[in-house]
Structures are given as structure tokens and as C-alpha cells.
Amino acid sequence: MDLNEKDLRELEISIADRLYLQVAGWHLYLGDAGLAADLAIECNANLDQGASVAARLALESLQVPLGGGNVKLPLARLMPSAQLFDLEEILSAYCR
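Heads up: the sequence shown begins at 244 in my numbering, then just goes up one per residue.
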């Protein structure tokens, strides 16, 4: 299942405004971090496996460069665990 461009853009906007990285108590929303589009694309690749699997796979596979690219961590390590459930909720609307 692949989303059309309009649905993929809507998914990106939902992700950008709702999900964030947490660093030292600060919240950096994925839209501001420039990661919302990449996460939407990663999620889209696995939507046929369900919202839960798509969310987990996307968060583990998306590598976030830190320190000028010297270190890369999976997005899953930079987000509070509650954000996984928020992503699953967002994706459930696209898993029909």
C-alpha cells in the first residue's frame, strides 16, 4: 500500500506538528528538525504491515545525524516512548 502524494503530504504535516525529539528536556518538533518528510516516507514503506509495525520500523530505520554528522542515532532513541503511540495513532488512519 502506497499513499498518493496528497495523503503522504497530510501524513508529513501530522507528524511535523505532533511528534518531537526530546533532548535535555527540550522538545524539537520533527517539522522544525526537518525530519517529518523522511519519517512519513519511511512509514509509508511499511503501512501494509499495520500501524504498529510501520511506526516501529520507521523510527528504527531513520538515522538522525548528530554533531555535524559524526554520530548517527535511530530516531527511536531520541523520542520519548509515548511518541511511538502517537505515531501509531497517526498511522492508523492511513492503514485501511
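For glycine and all other residues, C-beta sits at the position ideal for the given N, C-alpha and C.
As the structure is a prediction and not an experimental result, all values here were calculated from the model.
Item: Going by DSSP in three states, Ala262 sits in which element: helix, strand or coil?; Value: Residue identity check: residue 262 is Leu in the sequence provided, not Ala. Leu262 falls in the coil class under three-state DSSP.
Item: Measuring alpha carbon to alpha carbon, tell me which residue in Asp260, Gly277, Leu262, Glu255 is nearest Pro308.; Value: Gly277
Item: Could you say if the region 256 to 266 and the region 317 to 324 meet the contact criterion of at least three C-beta pairs nearer than 8 Å?; Value: yes
Item: Grab the span of the alpha helix (DSSP H) containing Gln306 for me, first residue to last.; Value: First-last for Gln306: 306 to 309, but that is the beta strand (DSSP E), not the alpha helix (DSSP H).
Item: According to DSSP, is Leu251 helix, strand or coil?; Value: helix
Item: Based on DSSP bridge pairs, tell me the residues matched to Leu271.; Value: Leu264
Item: Would you kindly report the start and end of the unbroken beta strand (DSSP E) that includes Leu316?; Value: 314 to 317
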